[in-house]
Amino acid sequence: MVSDAQETSGSFSTQITTSYTYGFLLHKPQNTKIKKPLIVFLHGSGERGNDLEKLKVHGPLKYIKNHELDSYILAPQCVENGNWEAESLYQLIQKVCKENAIDTNRIYLTGLSMGGWGAWDLALAHPEFFAALVPTASFVNLMQEDEACRLKDIPIRAFHGLQDDVVSLETITEVYKKLKECNTDVKLTIFEDADHDSWSKVYDNKEIYDWMLQQNKK
Numbered sequence: 034m035v036s037d038a039q040e041t042s043g044s045f046s047t048q049i050t051t052s053y054t055y056g057f058l059l060h061k062p063q064n065t066k067i068k069k070p071l072i073v074f075l076h077g078s079g080e081r082g083n084d085l086e087k088l089k090v091h092g093p094l095k096y097i098k099n100h101e102l103d104s105y106i107l108a109p110q111c112v113e114n115g116n117w118e119a120e121s122l123y124q125l126i127q128k129v130c131k132e133n134a135i136d137t138n139r140i141y142l143t144g145l146s147m148g149g150w151g152a153w154d155l156a157l158a159h160p161e162f163f164a165a166l167v168p169t170a171s172f173v174n175l176m177q178e179d180e181a182c183r184l185k186d187i188p189i190r191a192f193h194g195l196q197d198d199v200v201s202l203e204t205i206t207e208v209y210k211k212l213k214e215c216n217t218d219v220k221l222t223i224f225e226d227a228d229h230d231s232w233s234k235v236y237d238n239k240e241i242y243d244w245m246l247q248q249n250k251k
């Protein structure tokens, strides 16, 4: 009996491209003739949109309204309802580095809430690129938690509010435990009197900037 089943062959190829657009602010130090460090700040969900003034509400750009920082500060902005995407951010940072006198051994990455998650994600994608990581009120997903030791060589200072009812403290304590197994320069600070806004205690304080600016890539 001869089967009447048929066999066909073929080939298939496809390309799926996603484009990302970020507005951004770049603060430059007074002396741009010699190389200076770069602080990359990723905002939270409330600062998304197309109004760059929102980027001055929290974080380093708020701090420099009344204080001096001898550093570049790059603050990109997500579009409304957008989210951080590691490779597009990496390309933006590279562009800024090429166009300015930036010390690439002193690039610091920080973010709050959604931006804290974005900072974890970007650091995990390019752990060789950053001299320090400062996530605040951040969440992590299971993939980030499982890959924590990719960050074994980056000094990390994480912050969270004990009373945070938006992002559970457990999300950061679990990744912190994993980091402690492989990273000798990681610290988690828990503010007992802070809710989700633990970032004001961090970014309004000279101490975190002093610490970041002392770090050099290993």
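For the sequence shown, the working numbering assigns the number 34 to the initial residue and increments by one for each residue that follows. We treat Cβ as the ideally placed atom computed from N, Cα and C, and that holds for glycine.
Under the three-state reduction of DSSP, proline 188 is assigned to coil, being neither helix nor strand. Each residue's CA atom was taken as its position, placing glutamate 80 and glutamate 113 some 9 Å apart. If you draw a straight line from the Cα of threonine 204 to the Cα of glycine 144, it comes to about 16 Å. Per DSSP, tyrosine 53 lies in no beta strand (DSSP E) segment and is marked neither H nor E. For glutamine 110, the pairing in a beta bridge is given by DSSP as Gly56. Excluding the 5 residues flanking it on each side, cysteine 111 has same chain C-beta neighbours closer than 6 Å at Arg81, in chain order. Closest by C-alpha distance to tryptophan 153, out of Lys131, Thr137, Lys185, is Lys185. With at least 16 other beta carbons inside 10 angstroms of its own, aspartate 197 counts as buried. Approximately 6 Å separates the beta-carbon atoms of phenylalanine 57 and alanine 108; this is inside 8 Å, confirming the contact.
The stretch 236-244 and the stretch 209-220 do not touch, with fewer than 3 CB-CB distances between them shorter than 8 Å. DSSP places arginine 81 outside both helix and strand once states are collapsed to three, so it counts as coil. Pairing lysine 61 with aspartate 136 gives a Cβ-Cβ distance that is not under 8 Å.
Nearest C-alpha to arginine 139 among Ser42, Val200, Pro168, Ser104: Ser104.
Of the other Cβ atoms in all chains shown, 16 or more fall within 10 Å of the Cβ of alanine 191; this residue is therefore buried. By the CB criterion at 8 Å, isoleucine 187 and proline 160 fall inside the cutoff. Partner residues in the beta bridge of histidine 193, as assigned by DSSP, are Ile223. Proximity to tyrosine 236 across Lys131, His100, Asp230, Gly92 peaks at Gly92, based on C-alpha coordinates. Between glycine 77 and tryptophan 117, the CB-CB gap reaches or exceeds 8 Å. The Cβ atoms of glutamate 207 and glutamate 178 sit closer than 8 Å to each other.
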